[in-house]
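The letter at position 334 of the sequence shown is residue 334 when you use UniProt numbering, and the numbering goes up by one with no holes. C-beta atoms are modelled at their ideal positions from N, C-alpha and C, and glycine is treated no differently.
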Amino acid sequence: GHEAGHFFVAKLFRMKVDEFGFGFPPRIKAWRPFDKAQGKKGETEYSFNWLPFGGFVKISGEEEQITNPEKLQALPPEEKKRYFLFQPAWKRFLVIASGVLINFIIGWLLISFVFIVGTSPLVIVNGVQPNSPAEKAGIEKGDIIKNYPSSGDFKNFIDENRGKQTTFEIVRGGKDLKFTAVPKISTGPNEGAFGVEFSEAGIERQKFFPALVSGFKESILICEATVSAFYELFKNLLVHGSLMAGVVGPVGIFVVAEQTGHIGLIYLLQLLGLISLNLAVLNLIPFPALDGGRLFLIILEKVKGAPVSIKTQSLINGVGFAALLFLMAIITVRDVVNLF
């Protein structure tokens with residue numbers, strides 16, 4: 001979705017787009033659709049690639065402004081009109097910002113759809129008391145107890161089966177597990193028959209327009225939480241030189257998505273909405289090589305009244321891209337290690 005935003009706005013402004021890729025190389029297949037108006041194959045190549053993490057768009061004059069600016073300056077005036085580098089600052093700004101906007105819209109619509117459909121209530125274990133029947137059975141914090149529409153129903157089930165051997169199902173890490181326990185007949189102060197603290201999670205169904213409003217409000221809250229999370233991430237990196245435990249990369253996201261899919265499709269869509277909103281915030285960070293960094297350079301260009309030099313842009317983007325690759329490599333290695 002993000003790259004599609006760049007693509008459609010570039011096409012809207014009649015910029016020349018060399019390639020739109022699904023996934024990242026190595027390439028599986030590429031083609032150029034026939035352009036009836038021109039009586040020949042179109043100028044944009046569409047490709048499918050082996051690495052399924054996202055995609056890319058190549059807009060003419062976007063990469064070359066760093067790698068080969070002399071070639072661009074030598075182009076005929078008519079060709080220059082369609083190249084990214086020679087567009088007015090406001091058009092370049094909108095092309096870059098459109099990726100972030102699409103990420104937000106996709107996230108908002110997915111979250112809104114969850115409000116329209118609603119979700120089945122889940123009983124989630126928030127804590128397990130020491131030496132309780134739950135701990136002895138192997139119940140852990142974060143487990144989802146199946147087959148009970150509310151925490152009250154589960155509590156009634158436990159009370160009705162005090163002193164009896166009971167079997168129940170939970171979901172942990174996307175897997176269905178069965179446990180057997182004997183709830184206590186008598187309990188002391190602040191002690192439960194089963195020994196768990198639990199909460200309910202679920203979304204009540206709403207009509208279309210109220211769901212859109214609720215989805216928008218929830219999306220804003222998610223974006224605010226994401227900003228706080230990124231602040232903590234960078235603070236830990238700069239102050240302590242370490243990554244927080246909850247940070248995951250593409251491998252970790254794939255594992256979480258697979259586990260969420262076992263709970264239900266609607267929860268997977270909710271997760272995808274959350275990821276899309278996270279990407280919107282991530283790409284707005286004014287860091288070199290991210291969309292936010294490029295937007296910052298365009299704003300700086302308008303303030304100065306002249307573009308930032310090609311040499312400076314090349315240095316800034318090169319250092320930023322190397323830092324991102326290094327960070328992603330560390331996160332990916334940790335994700336893979338956590339699989340075993």
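Would residue i be called buried (16 or more neighbouring beta carbons within 10 Å of its own) or exposed?
| i | result |
| --- | --- |
| residue 12 | exposed |
| residue 342 | There is simply no residue 342 to check, as the chain begins at 1 and stops at 340 in what is shown. |
| residue 103 | buried |
| residue 299 | exposed |
| residue 123 | buried |
| residue 60 | buried |
| residue 265 | exposed |
| residue 270 | buried |
| residue 171 | buried |
| residue 32 | exposed |
| residue 154 | buried |
My output table needs one value for residue i: the three-state DSSP class, helix, strand or coil.
| i | result |
| --- | --- |
| residue 290 | coil |
| residue 47 | strand |
| residue 296 | helix |
| residue 79 | helix |
| residue 330 | helix |
| residue 133 | helix |
| residue 27 | strand |
| residue 103 | helix |
| residue 113 | helix |
| residue 321 | helix |
| residue 124 | strand |
| residue 191 | coil |
So, at 6 angstroms on beta carbons, what are the nonlocal neighbours of residue i in its own chain, with the 5 sequence-adjacent residues on each side left out?
| i | result |
| --- | --- |
| residue 109 | none |
| residue 294 | 96 |
| residue 273 | 107, 110, 111 |
Do residue i and residue j have their CB atoms nearer than 7 angstroms?
| i | j | result |
| --- | --- | --- |
| residue 56 | residue 21 | yes |
| residue 146 | residue 160 | no |
| residue 162 | residue 185 | yes |
| residue 198 | residue 128 | no |
| residue 63 | residue 45 | no |
| residue 137 | residue 93 | no |
| residue 222 | residue 277 | yes |
| residue 26 | residue 50 | yes |
| residue 287 | residue 320 | yes |
| residue 29 | residue 48 | yes |
| residue 307 | residue 200 | no |
| residue 149 | residue 194 | no |
| residue 113 | residue 15 | no |
| residue 302 | residue 89 | yes |
Going by beta carbon distance, what residues of the same chain come within less than 7 angstroms of residue i, once the five residues before and after it are set aside?
| i | result |
| --- | --- |
| residue 80 | 86 |
| residue 115 | 203, 206, 211, 214, 215 |
| residue 279 | 2, 103 |
| residue 5 | 98, 99, 101, 102 |
| residue 226 | 277, 278, 281 |
| residue 118 | 203, 204, 205 |
Please list, in chain order, all residues of the same chain as residue i whose beta carbon is under 8 angstroms from its beta carbon, the five residues on each side excluded.
| i | result |
| --- | --- |
| residue 165 | 180, 181, 182 |
| residue 17 | 7, 10, 11, 43, 44, 57, 58, 59, 60 |
| residue 364 | The displayed coordinates of the chain run from 1 to 340. Any statement about residue 364 would go beyond what the structure contains. |
| residue 34 | 40, 41, 42 |
For chain B, find out if any of its Cβ atoms is closer than 7 angstroms to the Cβ of residue i; answer yes or no.
| i | result |
| --- | --- |
| residue 207 | Here chain B cannot be found, since the structure has a single protein chain. |
Length at least 4, wholly inside the region 149-179: the alpha helix (DSSP H) runs in chain order: 151-160
Entirely enclosed alpha helix (DSSP H) segments - the region 200-239, minimum 4 residues: 208-235
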